[in-house]
Structure formats: C-alpha cells, structure tokens
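**Student:** Mind having a look at this structure? Questions to follow.
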Amino acid sequence: ETGVTQTPRHLVMGMTNKKSLKCEQHLGHNAMYWYKQSAKKPLELMFVYNFKEQTENNSVPSRFSPECPNSSHLFLHLHTLQPEDSALYLCASSPPGRSYEQYFGPGTRLTVT
Amino acid sequence: AQKVTQAQTEISVVEKEDVTLDCVYETRDTTYYLFWYKQPPSGELVFLIRRNSFDEQNEISGRYSWNFQKSTSSFNFTITASQVVDSAVYFCALTGLTNSGYSTLTFGKGTMLLVSP
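See below:
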C-alpha cells in the first residue's frame, strides 16, 4: 500500500461517453502525474502537476483533460475516446524536492469500445 | 534523449532457479537515478530500488541483488532462488528532465518473469 489510490480500478466506456478517473494521495506530496501504459509499450508520461499547476503536457490529445483542484487530488476527464486509448492509466505522486521519488497508484484499466 | 532498453521481453524459470534481468540505459546527464519497479498482475508499480549515478556499489536485499556498471551503462537485477510470487513484470527506469525542467522517469518496456512451481 503506497498511499496513492485510484478509482475506478476498471472502466469500460463507449467512444461517445464522458467519464473521469480519480487519483488521491495524502502523503503530503506536492507533485502528481498521469502515466499511460499500453500493451507492449513503455509507460508514457502524460501530465505533471506541481502544486496544482500543470508543468508538463506531453503532447496528449485534447480528449484527455486533466484537473488538479489541490495537491491531494488529480482527475483525468475523458471524452470521445478512441479504441487505441484502451490502456492502464497510472497516477503517481512525489514529495517536494524529490520528483524522482514517485509513488504509484494501482491504476485504472480502461477499455474503450 | 533518455532511453532504457530491456532486451528480454519474457523469461520463464522454474522455482529456485536464479534469474537476471538486464537493463541498459542511455543518458547525457552526469547525475541521474536508476530504478527497478515490480508490477504484479494487480497492476500497481512497486518500488524495489533506487540507485544514484555516483554510487556504483552493488546492493543486496534478501534474494534480490543489483549490479550497476556505469562503464557499460547497465543496471542488472538478479533474483536468487526464485519463487512463484516473483512472477510479475519488472521495469527499469531512469530519471530525466521534461521540457519544463521537471524531473520525471523514463521506463523500459519491461520484462515479464514467469516462475513455475
């Protein structure tokens, strides 16, 4: 148990649906991340938030919309996704001054039909 | 650019065998960190070890050991006397900087280890 939780753990959605993924940590970390893990590909960094401010958008399509209302919560809003967006979405957080020390949540397994 | 190569896609061993997972990296940074993570079927990434680029001492933790060779840019991971519970995907990772100068991780594609009873 790393202290980073993600809900839901599994999600199936159609291409016209709108859904959101949630990540939560109460570790006192200031930075939060979204990663995408597709089959047979390395984990890809999507977004980085530092003290609620987005510091990195790794050329992610606009159908993925992150939101970070505070340092403890991170959302990923999904709309009009494509089947190739099916993947494991992992959230991570890191403590102040140690962005290399990332703690990962269990992930949300997303299937787009 | 950062790059991590895990050439072994899948490894199958029988319980009690020793197994080594290879990791080769590329970076232009003089200071960096290397990591190994374990991802069991449940999905979460479990942190195993972090190694600073200035520390080339090998490390042993129970049945796990790591061999960091800066000269060959390798950071290999050995499991001694493997057990069924070791079955998982193992990822090697390297710190790097994003375009905004923020530290992040570059992962290899992972090695799936299957330990049979």
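In order, the protein sequence lines correspond to chains A and B. Counting from 908, one number per residue, gives the positions in the first sequence under this note's numbering. Counting from 341, one number per residue, gives the positions in the second sequence under this note's numbering. Quick reminder that beta carbons are idealized off the backbone N, C-alpha and C, glycines included. Predicted, not measured: the structure shown is a model, and the values here were computed from it.
Would L983/A and L928/A qualify as a contact pair, given that the criterion is a beta-carbon distance under 9 Å?
**Tutor:** Going by C-beta atoms, L983/A is nearer than 9 Å to L928/A.
**Student:** Would the segment 975-989 of chain A and the segment 415-423 of chain B be scored as touching if the rule is three or more Cβ pairs under 8 Å?
**Tutor:** Judged by Cβ distances under 8 Å, the segment 975-989 of chain A makes no contact with the segment 415-423 of chain B, as fewer than three pairs qualify.
**Student:** I'd like the ranges of any beta strand (DSSP E) spanning at least 3 consecutive residues and lying wholly in the segment 362-406 of chain B.
**Tutor:** With a minimum length of 3 residues, the continuous beta strand (DSSP E) runs that stay inside the segment 362-406 of chain B are 364-366, 373-379, 386-392 and 399-401.
**Student:** Between F1011/A and chain B, is there a C-beta pair that is closer than 9 Å?
**Tutor:** It does: the Cβ of F1011/A has a partner Cβ on chain B nearer than 9 Å.
**Student:** Cβ closer than 9 Å: which chain B residues qualify as neighbours of R1016/A?
**Tutor:** Correct list: G383.
**Student:** Short of 8 Å Cβ to Cβ, which residues in the segment 359-373 of chain B face chain C?
**Tutor:** This model lacks chain C altogether; the protein chains it does include are A and B.
**Student:** Residues of the segment 393-422 of chain B with a CB closer than 8 Å to any CB of chain A: list them in chain order, please.
**Tutor:** Within the segment 393-422 of chain B, no residue qualifies.
**Student:** Take A999/A as the anchor and find which of N937/A, T923/A and K926/A has the nearest alpha-carbon.
**Tutor:** Cα-wise, what sits closest to A999/A is N937/A.
**Student:** With a threshold of 6 Å on Cβ separation, who are the neighbours of N407/B within its own chain once the five nearest residues in sequence on each side are excluded?
**Tutor:** N398 and N416, listed in sequence order.
**Student:** Run the CB neighbour count on E384/B, radius 10 Å, all protein chains shown included, and call it buried at 16 or more, exposed below.
**Tutor:** It counts as buried.
**Student:** Buried or exposed: Q989/A, going by 16 or more other Cβ atoms within 10 Å of its Cβ?
**Tutor:** Exposed, by the Cβ-count rule.
**Student:** Taking 9 Å as the CB-CB cut-off, is Y430/B touching chain A?
**Tutor:** Not one chain A Cβ lies under 9 Å of Y430/B.
**Student:** How far does the beta strand (DSSP E) with F415/B in it reach, from first residue to last?
**Tutor:** Unbroken beta strand (DSSP E) run through F415/B: S414 to I419.
**Student:** What's the call for A428/B, buried or exposed, on a 16-neighbour Cβ count within 10 Å?
**Tutor:** A428/B is buried by the Cβ-count criterion.
**Student:** Does the Cβ of K943/A have 16 or more other Cβ atoms within 10 Å, making it buried, or fewer, making it exposed?
**Tutor:** That one is buried.
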